[in-house]
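J.:
Numbering (this note's numbering), first residue to last: 616 to 1162.
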């Protein structure tokens, strides 16, 4: 049965057809053999009938010849015409008698009948000779010869009668036995033919039923699974024991259900934000598998970008809180900012350098805050504009990122033997295309792109704050100068008052501009957040359409 199960459907059908043909041929063979036996029995019946007929005819001719002899004895007209008519009739009876015995000798009855026939023939010949002699004596009207011939005739008649009686008994007995045997054979063959037909029908019906069951059971199971799948339900499918097309269909359905289960798990993982799970759908191949894998990668990318964006927004918010803390000591404020930046970006060291514009003829960078290896560093260094990396950034007004720090770059160590950083990022602080300072960070690790973007945004806010601080310093310097002028020049009080008003106006304008800048920054951040949320909703809608 396992071999049959492993056959293809086409081969199963051919096997069933061949098996039915085998049983058909086998049944036909038995039926043909039975028909041959029936024909033999019929031929035997015909032979027996012919034997009985010829035996009866011989008995009749035996009596007819005796009657002819007695008729000759009693015949009154013994003329030539009468003799001729008599002899014609006598010869016909004699020929019929001989013909019957000849037929009996040729029939395939049994040996005893043939022996009896051969024993009858001499007695018949003698009987015919005695009959012809007696008839001749009768037509010659020889009374003495007639009396002697009549005695011999009766003796030959009795001998022939005895032989014919034995032959008749043998033929009758043989016919009865052969008829009984033939009738038994006919009955048996009829039952055999009926039995063969019934057995063939049962076998072919059983094969057809078994085959229909073998073909229909897996198809019905597959139908049930597909019906449940059409309702959105997943069923557990057992492995098929067949290797034909139905088994392959069952295996494909099993694979489909497994992949749909994977899609279910995939949807759950993605819905929970787990984009790095090892759930594979259709081996990440094919149209649907590729689309889902691409969607997961897109969602992962969007999620990572969102995390980076949230990370950057959170950092910007905290930097703004530091800048708004109201610390009047600007140097301490810068220390807090650089300390936060180094810790938040997980870099190793960094510093903030501002452009000293006290003397317009002597512009240069001055390091205002430095932080390395979790502690503040005190470094006083003057950097000329255009000198070194920091001075170059002031001139070019563009960010510089190097993954190999030059040998002449400042090295800051913790005293504990940490390795020298290999990556450096220098970002300009620009306000209306004017550089007011630079931010430098160095790290042992490669600085990610979103960290660079974050630091550029920090420098934008920090530049505004530095610019405002510079203007505040200028305002305070002007105020001090005005007070000195007031004490020195009382006569010019009105002019001084006007200058004071202008200074206050400038200060208000500076504050207003600072508030506008900060408000604009928050609006831009809100626009980015809203734009991202729209993208997320679009992707989620596309994901629902795919499912």
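Cβ coordinates follow ideal geometry from the N, Cα and C atoms, glycine included.
1. Return the residue from the list 1133, 651, 1093, 1079 that minimises the CA-CA distance to residue 969.
2. Hey, would you say residue 931 sits closer than 8 Å to residue 1076, going by beta carbons?
3. Near residue 976, which residues of its chain fall below 7 Å by C-beta distance, leaving aside the five closest residues on each side in sequence?
4. Name the residue from 772, 1019, 944, 1012 whose alpha carbon lies nearest to the alpha carbon of residue 1047.
5. Opposite residue 738 in the DSSP bridges: which residues?
6. What's the C-alpha gap between residue 640 and residue 739?
7. Just to confirm my understanding: we take residue 781, look at its own chain, exclude 5 residues before and 5 after, and list those with CB closer than 6 Å. What are they?
8. Excluding five sequence neighbours on each side, which residues of the same chain lie with their C-beta closer than 7 Å to the C-beta of residue 1136?
9. Could you check if residue 705 is buried or exposed, using at least 16 other CB atoms within 10 Å of its CB as the buried criterion?
10. For the putative contact between residue 957 and residue 1056, defined by C-beta atoms under 8 Å, what is the C-beta separation to the nearest angstrom?
11. Pull the bridge partners of residue 814 from the DSSP assignment, please.
12. Could you pull out every residue in the same chain whose Cβ sits closer than 8 Å to the Cβ of residue 820, ignoring the five residues on either side in sequence?
13. Let me know the secondary structure DSSP gives residue 1001 once reduced to three states.
14. Just reading off the alpha helix (DSSP H) that residue 950 is part of, what are its end residues?
15. Are three or more beta carbon pairs between the stretch 918-936 and the stretch 1063-1070 nearer than 8 Å?
16. Let me confirm a value: residue 737 is counted as buried when at least 16 other C-beta atoms fall within 10 Å, else exposed. Which label applies?
17. Keeping to the same chain, check which residues put their C-beta closer than 6 Å to that of residue 945; ignore five residues upstream and five downstream.
18. Is residue 949 closer than 8 Å to residue 912 when the C-beta atoms are compared?
19. Taking the alpha-carbon positions, what's the residue 779 to residue 807 distance?
20. Does DSSP put residue 1134 in a helix, in a strand, or in coil?
21. Taking C-alpha atoms, which residue in 1038, 1002, 1005 lies nearest to residue 1019?
22. Return helix, strand or coil for residue 968, following the three-state DSSP convention.
23. Expressed to the nearest angstrom, what Euclidean distance is found between the alpha-carbon atoms of residue 1118 and residue 1086?
24. Would residue 817 be called buried (16 or more neighbouring beta carbons within 10 Å of its own) or exposed?
25. Going by the CB atoms, is the gap between residue 1010 and residue 998 shorter than 8 Å?
26. Using only the alpha-carbon positions, how far apart do residue 1149 and residue 1043 sit?
27. In the DSSP assignment, find the beta strand (DSSP E) that holds residue 940 and state where it starts and stops.
28. Report the option in 974, 955, 961 whose CA atom is closest to the CA atom of residue 967.
29. Which partner residues of residue 1040 appear in the DSSP bridge assignment?
30. Would you call residue 764 buried or exposed, if buried means 16 or more other Cβ atoms sit within 10 Å of its Cβ?
31. Tell me the DSSP secondary structure of residue 1061 in three-state form.
32. Per DSSP, residue 1049 is paired with what?
33. In whole angstroms, give me the CA-to-CA distance for residue 709 and residue 651.
34. What residue range does the beta strand (DSSP E) around residue 983 cover?
T.: This is what the structure holds:
1. 1079
2. yes
3. none
4. 1012
5. Note: residue 738 sits in no beta bridge, so no partner.
6. 54 Å
7. 731
8. 1076
9. buried
10. 7 Å
11. Answer is none; residue 814 lacks a bridge partner.
12. none
13. coil
14. 945-960
15. yes
16. exposed
17. 1084
18. no
19. 41 Å
20. helix
21. 1038
22. strand
23. 11 Å
24. exposed
25. no
26. 33 Å
27. Looking at the DSSP string, residue 940 is not in any beta strand (DSSP E), and its letter there is neither H nor E.
28. 955
29. 1016, 1056
30. buried
31. coil
32. 1046
33. 39 Å
34. 979-987
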